[in-house]
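Enquirer: Dropping the structure in here first, questions after.
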Amino acid sequence: MARRTGPVLLALALALAGCASMQKQYNVRRDNVSCDEANRYAFRSMRSMGYRVTTFEPASAGRPGRLKGSKEGDRGGMHYATVQLTCEPGAVLLEAAEDQLFAQDVEFSRGFYLTFTSYADNAASVAAYAEEQSGGVKSGGVKFRIEPQLGLESKLDFGHDLQAGGVLAVRVVVQNGSDRIYELDPRDIELRPLEGRGKVRQLRIPEAAASVARATAGDLPAGAPTPSTAAIEQALRERQLAGRTLRPGDAAEGFVYFKTGEYARARATLTDVETSEGEGFLVEF
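The numbering of the sequence shown is the working numbering, which starts it at 15 and goes up by one.
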């Protein structure tokens, strides 16, 4: 007895086409967002939706990017999603969808659209409001913001997965909203472990670069060019926090590097130029 597969396949094709059409309404196309901003907002959006980023290749002009993430569902099981990024001349395009062959829905596509556009539309005003509330470099004393880059986040600034090489990049922002003059020495920034006592000192940049180069080379497909240790070291040095004098109204920003691990807080010390006394600052993670 012959089976009537034609109508079934047609219905399936129409259903999938309808799902794809519904998802396209949530594609993001923005002409007021740079390629770098698109990468950052996409990464933040995926994480803020509760997904662990498992694959991240930042987009650049002429080279598409991709984000893949996973999270556990409310009723068990895993959800997997992919975001494709394209940087066109004068615009960025993002397509987000949950990784399903059948029973497609647009929950992830819609959620990503809303989250990404919220970042794109409000990031500047949110930052300005936070600056106003804290006093920034105008008032409120000295302020430190110390933020470890977790997972694949380091690819946004360095182009490499630093943690794969056992290196934790920590972004440091310090603002002098006081009337005092301080000396900033990046070597006076330490991390404190989550468990136990003691302090963790920073990695030497040549050591960190060599470790990242070895890890990156081990993950490359056959025939791919081996990363240059010198190029990685240069990238780490270009972005490292530099020592300097912080006068009232000054600010400094950059990275310091530690071994990967679980940390509870950071401690930074500035030296008051007039008294030569150190002043300590604790930042909880």
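Virtual Cβ for every residue (Gly too), placed ideally from N, Cα, C.
Remember, it's a predicted structure, so these values are computed and weren't measured experimentally.
Excluding five sequence neighbours on each side, which residues of the same chain lie with their C-beta closer than 6 Å to the C-beta of G179?
Expert: So the list reads S225, V226, A229, once near-sequence residues are dropped.
Enquirer: Less than 6 Å between C-beta atoms, sequence neighbours within five positions excluded: which residues of the same chain meet that for K85?
Expert: Here the set comprises G64, Y65, H93.
Enquirer: Starting from N190, trace the beta strand (DSSP E) in both directions and tell me its first and last residue.
Expert: Taken as a continuous stretch (DSSP letters only), the beta strand (DSSP E) holding N190 covers 181-191.
Enquirer: So is K213 buried or exposed if we call it buried at 16+ other beta carbons inside 10 Å?
Expert: Burial call: exposed.
Enquirer: My output table needs one value for R61: the three-state DSSP class, helix, strand or coil.
Expert: Helix at R61.
Enquirer: Taking the alpha helix (DSSP H) that F299 falls in, what are its first and last residues?
Expert: Per DSSP, F299 belongs to no alpha helix (DSSP H) and is neither H nor E.
Enquirer: So, does the segment 184-199 touch the segment 249-267, judging by three or more C-beta pairs under 8 Å?
Expert: Result yes; three or more Cβ-Cβ pairs closer than 8 Å.
Enquirer: Give the DSSP bridge partners of A282, in chain order.
Expert: BP columns for A282 point to I203, F295.
Enquirer: Please list the segments of the alpha helix (DSSP H) lying wholly inside the segment 132-189, counting only runs of 4 or more residues, in order along the chain.
Expert: Entirely contained in the segment 132-189, the alpha helix (DSSP H) runs reaching 4 residues are, in chain order, 169-172.
Enquirer: Since R80 contacts T96 with CB under 8 Å, what's their CB separation in whole angstroms?
Expert: That belief holds up - the Cβ atoms of R80 and T96 are roughly 7 Å apart, short of 8 Å.
Enquirer: Tell me the DSSP secondary structure of T100 in three-state form.
Expert: Note: T100 maps to strand in three-state DSSP.
Enquirer: What does a CB cutoff of less than 7 Å around Q37 pick up in its chain, not counting 5 residues either side in sequence?
Expert: These residues qualify, in order along the chain: A111, V120, S123.
Enquirer: Within the continuous beta strand (DSSP E) that includes R43, where are the two ends?
Expert: Segment 42-44, the beta strand (DSSP E) holding R43.
Enquirer: Across the segment 273-290 and the segment 189-203, are there enough close Cβ pairs to call them in contact, namely three or more that are closer than 8 Å?
Expert: Cβ pair count under 8 Å is three or more, so yes.
Enquirer: In terms of residue numbering, what span does the alpha helix (DSSP H) encompassing G232 cover?
Expert: Element bounds for G232: 219-233.
Enquirer: State yes or no: is the C-beta of E293 within less than 9 Å of the C-beta of V156?
Expert: Closer than 9 Å, so yes.
Enquirer: Find the nearest neighbour of G154 within the set Q254, S59, P262, E298, judged by alpha-carbon distance.
Expert: Of the candidates Q254, S59, P262, E298, the one whose C-alpha sits nearest the C-alpha of G154 is P262.
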